[in-house]
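Notes follow the structure.
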Amino acid sequence: VVTSICPSNNKPIAQVKTASVADLERCIQSSEKAWQVWADLTAPARENRSLGKLISMEMGKIVPEGIGEVQEFVDICDYACGLSRMIPGKYIPSERPGHALIESWNPLGVIGVISAFNFPRHLEGRPFHTLTSVATNRIVTDVLEKNGIPGAVCSLCQGDADVGQKMAEDRRIKLLSFTGSTEVGRKVALTVQGRFGKHLLELGGNNALIVDKDANLDMVVTSATFACVGTAGQRCTTLRRLIAHEDVYDEVLRRLVKAYETVIKRIGDPLEDGTLYGPLHSKNGIEAYKKTIADAVAAGGKIEYGGKVMEDRVGNYVEPTIISGLPHDSPVVLRETFAPIVYILKTKSLEEGIQWNNEVEQGLSSSLFTSDIGKLFK
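Everything in the sequence shown is counted per full-length UniProt numbering, starting at 1 for the first residue and increasing by one.
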């Protein structure tokens, strides 16, 4: 049994029984049976705030972000329903008289989804609606059954590493979608590929924002602040490296520190109106934050803002942190830490900044701020 803890006050929310490999086996068998019905179906009252608050309570993100995640789920539903009518097939004339080749799309089968803690609805919903997924909650199952669709179309199996390993190994799972760390994703890919299965991976990010010398700094600081501290730095798209041209570096740093001074005044319970910045998801997140700060300082980094655990608060709160003075290729800069820590790096040219942007093993998102649209094509 796993106890879900509210990150803002460290009080229990609920207890959830974890699944075993045997439970996963029942899920897969039920899903295979349900798929036979689901494959023959076409895909022709939102409670945003209630669901958004539930996400905020469990994950620690502020309510507007939780509501936004629910809306993303709804938007994916709309997209997926339309997608089923938009998938084209090909009609190819054959060299043989009276013959033609026809390409058509058929349902793949049982799909497995291993999701992440930071976007529990969005990351599950994206593959679920577009792929015939295995993983959602009992509410959806009840709705399906009331409408004559097998509830096993959606099977929730909350387990540990052994359950994830079994999902990766099982040939009945035709495609496995995994969202998580680069390290675990590599293991998932190798395991699934070992049985010639299909996989979708969204792994770690070490995202950079490049500020050229002609950039609009007001736009830079507004965008960078949200990108750094949104969801308390627990997004795969969180900004972790701010690469500024030497001509504007000092001004960017000064303005960013000033923006953080405003953010710190709006730290609080993510369920309360007006809160801009909430807690980390767990105590493990705090330990990762502390280790990264220590490693950065040991490597010669300077704490320009933050750098401390907020011991005076109940819950998993840490200060959003800005670190300068580190080489662009410092090991601590090159790794992803799921916390509100950004490294500000000084570059001599746009070309050098782009090179630094691309040198990490993680991918995902990058941005360039400039007034010269031609530079976007470099």
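C-beta: ideal position from N, C-alpha, C; glycine also.
{"query": "Shortest alpha-carbon distance to G302 belongs to which of G230, K348 and I322?", "result": "Looking at the sequence shown, residue 302 is not Gly but Lys. Answer by Cα proximity: I322."}
{"query": "Tell me the DSSP secondary structure of F73 in three-state form.", "result": "helix"}
{"query": "Thinking just about the alpha-carbon of each residue, which of Q234, I76, Y79 and S115 is nearest to the one in Y289?", "result": "Q234"}
{"query": "Can you list the beta strand (DSSP E) stretches of 3 or more residues lying completely in the stretch 194-277, in chain order?", "result": "198-202, 207-211 and 239-245"}
{"query": "Where does K378 land, buried or exposed, given buried means 16+ other C-beta within 10 angstroms?", "result": "exposed"}
{"query": "Drop a sphere of 10 angstroms on the beta-carbon of P88, count the other beta-carbons inside from all chains shown, and report buried for 16 or more, exposed for fewer.", "result": "exposed"}
{"query": "What would DSSP say about I92, mapped onto helix, strand or coil?", "result": "strand"}
{"query": "Given V134, which residues of its chain have a CB within under 7 Å of its CB, disregarding the five upstream and five downstream residues?", "result": "Any reading at V134 must be qualified, since the residue scores a pLDDT of 36, below 50, and its modelled position is unreliable; no value is offered."}
{"query": "Leaving out five residues before and five after V333 in sequence, what residues of the same chain have Cβ atoms less than 6 Å from its Cβ?", "result": "L326 and Y343"}
{"query": "Note down, in chain order, each residue of its chain lying with its Cβ closer than 7 Å to the Cβ of L348, except the 5 sequence neighbours on either side.", "result": "The sequence shown places Lys at residue 348, rather than the Leu named in the question. These residues qualify, in order along the chain: E246."}
{"query": "Taking all protein chains shown into account, do 16 or more other C-beta atoms lie within 10 angstroms of the C-beta of I92, making it buried, or fewer, making it exposed?", "result": "exposed"}
{"query": "Using DSSP bridges, identify the partner residues of residue 461.", "result": "Any question about residue 461 goes unanswered here, given that the chain covers just 1 to 378."}
{"query": "Does F377 come out as helix, strand or coil in the three-state DSSP assignment?", "result": "helix"}
{"query": "Is the stretch 362-375 touching the stretch 257-265 in the sense that three or more CB pairs, one from each, lie closer than 8 Å?", "result": "no"}
{"query": "Going by the beta-carbon positions, is the gap between F117 and M57 smaller than 8 Å?", "result": "no"}
{"query": "With the cut-off set at 8 Å, would you say L239 and L209 are in Cβ contact?", "result": "yes"}
{"query": "Work out the CA separation of I293 and G307 for me, nearest whole Å.", "result": "6 Å"}
{"query": "Going by beta-carbon coordinates alone, are A339 and V318 separated by less than 8 Å?", "result": "yes"}
{"query": "Please report the straight-line C-alpha distance between A43 and E145, rounded to a whole angstrom.", "result": "Confidence in A43 is poor, its pLDDT being 45 and thus under 50, which makes the residue's placement too unreliable to answer from."}
{"query": "Following the continuous alpha helix (DSSP H) through E350, name the residue where it begins and the one where it ends.", "result": "A small fix is needed here, since residue 350 is Leu in this sequence, not Glu. L350 to N357 is the extent of the alpha helix (DSSP H) around L350."}
{"query": "Using DSSP with H/G/I as helix, E/B as strand and the rest coil, what is F369?", "result": "strand"}
{"query": "Apart from the five residues on each side of it in sequence, which residues of its chain come closer than 7 Å, Cβ to Cβ, to P279?", "result": "P7, S8, G60, A232, G315, N316 and Y317"}
{"query": "Please confirm if the stretch 215-232 is in contact with the stretch 185-205, defined as three or more CB-CB distances below 8 Å between the two stretches.", "result": "no"}
{"query": "Applying the criterion that 16 or more other CB atoms from any shown protein chain within 10 Å of the CB defines a buried residue, is N358 buried or exposed?", "result": "exposed"}
{"query": "Taking the alpha helix (DSSP H) that L334 belongs to, which residues open and close that run?", "result": "P331 to L334"}
{"query": "Does K283 come out as helix, strand or coil in the three-state DSSP assignment?", "result": "helix"}
{"query": "Going by DSSP, what residue range makes up the alpha helix (DSSP H) through E169?", "result": "A161 to E169"}
{"query": "Could you check what DSSP says for S56 in three-state terms: helix, strand or coil?", "result": "helix"}
{"query": "Assuming V63 and P270 form a contact by the criterion Cβ under 8 Å, report the distance between their Cβ atoms to the nearest whole angstrom.", "result": "6 Å"}
{"query": "Can you tell me whether A339 is helix, strand or coil according to DSSP?", "result": "coil"}
{"query": "Just how far apart, CA to CA, sit E304 and M86?", "result": "51 Å"}
{"query": "Suppose contacts are defined by Cβ-Cβ distances below 8 Å. Is L203 in contact with T182 by that definition?", "result": "yes"}
{"query": "According to the Cβ coordinates, are L83 and K174 closer than 8 Å?", "result": "no"}
{"query": "K346 and A227 look like a contact to me (Cβ under 8 Å); what is the Cβ gap, rounded to whole Å?", "result": "The pair is not a contact, with the Cβ atoms about 19 Å apart (cut-off 8 Å)."}
{"query": "In the DSSP assignment, the beta strand (DSSP E) including E304 goes from what residue to what residue?", "result": "K302 to Y305"}
{"query": "Measure the C-alpha to C-alpha separation of D78 and K90 and round it to an integer number of angstroms.", "result": "25 Å"}
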